[in-house]
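Chains as they are written, first to last, in this note's numbering: chain A, 1 to 369; chain B, 370 to 632.
Scroll down for the structure; my scribbles are underneath it.
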């Protein structure tokens, strides 16, 4: 234990005396939170710009039915309607102004409605090109359906309605869903980059060789480095939550179970880093190796979007990525209050941590062949 | 001199694939003795040291330090407690002070000498609280040697302790080694400077291409007469052994570099 504490003490002193390291330890989580906070803290009811040209004008006024249709579009509150003068050339306008979506109510719309032969024109990129198009199309479809029912006087009776009940106790915003993922991601990058970097730097300086001539064991060295990364993890978690609460009114707070998970993550990721460090000899290669591990995990473990959105084979890959369990566990404990899941994921993370720390101690070679 | 054996090496061989780095060497170092291993780069000096300090496996033969076998796991643990090592090209933590660095290494042993006294011994008292990165090359080397002494070792291994130092810093280092000898510490030193071996060593072993080609007291091996050409004749290799003359040191500096690349 004396040796482990000496390693921790040395690493902490080196950390706070290195201004760039100190800066980035604090700045990275701040930037992460500010960036993603700015993106995801906006209103959760998305609105879409829609240009509307009503060409069904009689005596300078829109016809009753065309006006009814445009009013119904407006009432959905999903569109920011931009009215285009009926005399403008729509195609030219789209090209010149780079308009993304335009709905045209053609001349004679009201008359065609009466003869049950009316149509509207929706100009936009297909859903394969722009994902928002699917939502826009779906909303316009619904408006058309209701409009048809109203105009034809065949309003169907209401059989089923939806009652929405939240399964989370607080009034969380999307940013609250995102914060546990940010904490997990920060634990991963800090742990993996930190462990690989610290090991590689000390190998280059000859410190590892020197330590190998002392009674220090490899396991003690690895535990010392993991403890140091645990302190770094605590700092970045506190920074993320502080910025989140102060700037973005984040409401999720870590429970005791979340703290278990954070500790387990802060053990597992440096453990992985120590195993990788065994195969990285130079500083230049250290960053590349750390990036190669953290980058796929960042995107495939449900940090930025739910796993359900991914294809099946990627979901299978996610199941073997440690970050998935940390993300799931932290969301379950911080948002849904699911203690069982939090503890299960903690156990998985601790298992992963123990596996990699022991593996690291076994394969780390201070002796030369 | 106490004639107890500190290091015993018998028919030691180390091979890297087809290359034989150490080729069946045998020697004995007695307690309290300063033993200098002299030879050009690539002669097998560092490989031998790294086998003795349990950093490297041997291919065949036997090596013991303070009676403990370097190949035996328990023996290695005992050896590590009792030795102090200055690896070649060693640098320590840039952002720890002189004192913090020494405390760090002392804690790896759990025993050792008083750090303040050690700092005085290596003449770094004025720099006690200076960061390692702010020390000059000579002072860095002094601290590095001090890290090899923190556990009050019975045997100290110094792998090319004066390489890259200016003449004054070298002389300081020599005085330090002489001080260790006076205290009765066994010192195993590698160098490619003949004058260093002559000044410091009780016994000199000259090694080239993995073989000991001469061994004995400095006068007995006629150390002053050994020059680069001797090694060239031995194996047709360039070597970097030089005489004690400072003029020779300066005038041959360029040649030394060429030799290093080709050897």
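Beta carbons: idealized from backbone N, C-alpha and C, even for Gly.
query: Candidates B/543, B/532, B/537 and B/554: closest to residue 523 of chain B by CA position; result: B/554
query: Chain A contact residues for residue 464 of chain B, given Cβ-Cβ distances below 8 Å; result: 13, 14, 17 and 18
query: Interface partners of residue 458 of chain B on chain A, CB under 8 Å; result: 206
query: Neighbouring residues, chain B, relative to residue 215 of chain A (Cβ below 7 Å); result: 446, 449, 450, 477 and 478
query: Proximity below 8 Å, CB of residue 184 of chain A to CB of residue 330 of chain A; result: yes
query: Closer than 8 Å to chain A by CB, residue 562 of chain B; result: no
query: Per-residue contacts from residue 3 of chain A into chain B (C-beta, under 7 Å); result: 476 and 477
query: Which residues DSSP lists as bridging residue 583 of chain B, in chain order; result: B/575
query: DSSP three-state assignment for residue 316 of chain A, whether helix, strand or coil; result: helix
query: Chain B residues whose Cβ lies nearer than 7 Å to that of residue 212 of chain A; result: 424
query: Touching by the beta-carbon criterion (3+ pairs, under 8 Å), the segment 94 to 112 of chain A and the segment 62 to 71 of chain A; result: yes
query: Per DSSP, cross-strand counterpart(s) of residue 399 of chain B; result: B/374
query: Distance between residue 296 of chain A and residue 628 of chain B (C-alpha atoms, nearest Å); result: Confidence in residue 628 of chain B is poor, its pLDDT being 31 and thus under 50, which makes the residue's placement unreliable; the coordinate value appears in the next sentence. Rounded to whole angstroms, residue 628 of chain B to residue 296 of chain A spans 48 Å at the Cα level.
query: Neighbour flag for residue 573 of chain B against chain A, beta carbons, 8 Å; result: no
query: DSSP bridge partner residues for residue 350 of chain B (one or two, in chain order); result: Since the first residue of chain B shown is 370 and the last is 632, residue 350 of chain B is not available in this structure.
query: Euclidean distance between Cα positions of residue 527 of chain B and residue 558 of chain B; result: 5 Å
query: Three-pair Cβ contact test at 8 Å for the segment 220 to 232 of chain A versus the segment 262 to 269 of chain A; result: yes
query: Buried/exposed call for residue 83 of chain A, threshold 16 Cβ in 10 Å; result: exposed
query: Contact with chain A by residue 524 of chain B, beta-carbon distance below 8 Å; result: no
query: Cβ of residue 10 of chain A within 8 Å of any chain B Cβ; result: yes
query: Which residues DSSP lists as bridging residue 429 of chain B, in chain order; result: B/382
query: Per-residue contacts from residue 461 of chain B into chain A (C-beta, under 9 Å); result: 205, 206, 207 and 210
query: Cβ shell of residue 381 of chain A (< 7 Å), same chain only, five flanking positions each side left out; result: Because chain A spans 1 through 369 in this model, residue 381 of chain A falls outside it and cannot be assessed.
query: Any C-beta of chain B under 8 Å from that of residue 184 of chain A; result: no
query: Residue closest to residue 202 of chain A, alpha-carbon to alpha-carbon, out of A/2, A/3 and A/7; result: A/7
query: Where residue 87 of chain A falls, given that 16 or more other Cβ within 10 Å makes a residue buried; result: exposed
query: Of the listed residues A/298, A/358, A/241 and A/207, nearest to residue 317 of chain A (C-alpha basis); result: A/298
query: Inter-residue Cα distance where the pair is residue 311 of chain A and residue 300 of chain A; result: 11 Å
query: Buried or exposed (CB count within 10 angstroms, at least 16 for buried), residue 373 of chain B; result: exposed
query: Beta-carbon gap between residue 415 of chain B and residue 381 of chain B smaller than 8 Å; result: no
query: Contact with chain B by residue 6 of chain A, beta-carbon distance below 8 Å; result: yes
query: Residue closest to residue 478 of chain B, alpha-carbon to alpha-carbon, out of A/4, A/74, A/319 and A/131; result: A/4
query: Spatial distance of residue 494 of chain B from residue 488 of chain B (CA atoms); result: 6 Å
query: Close Cβ partners of residue 428 of chain B (< 6 Å) along its chain, the five nearest in sequence each way excluded; result: 382, 383 and 384
query: Buried or exposed (CB count within 10 angstroms, at least 16 for buried), residue 104 of chain A; result: buried
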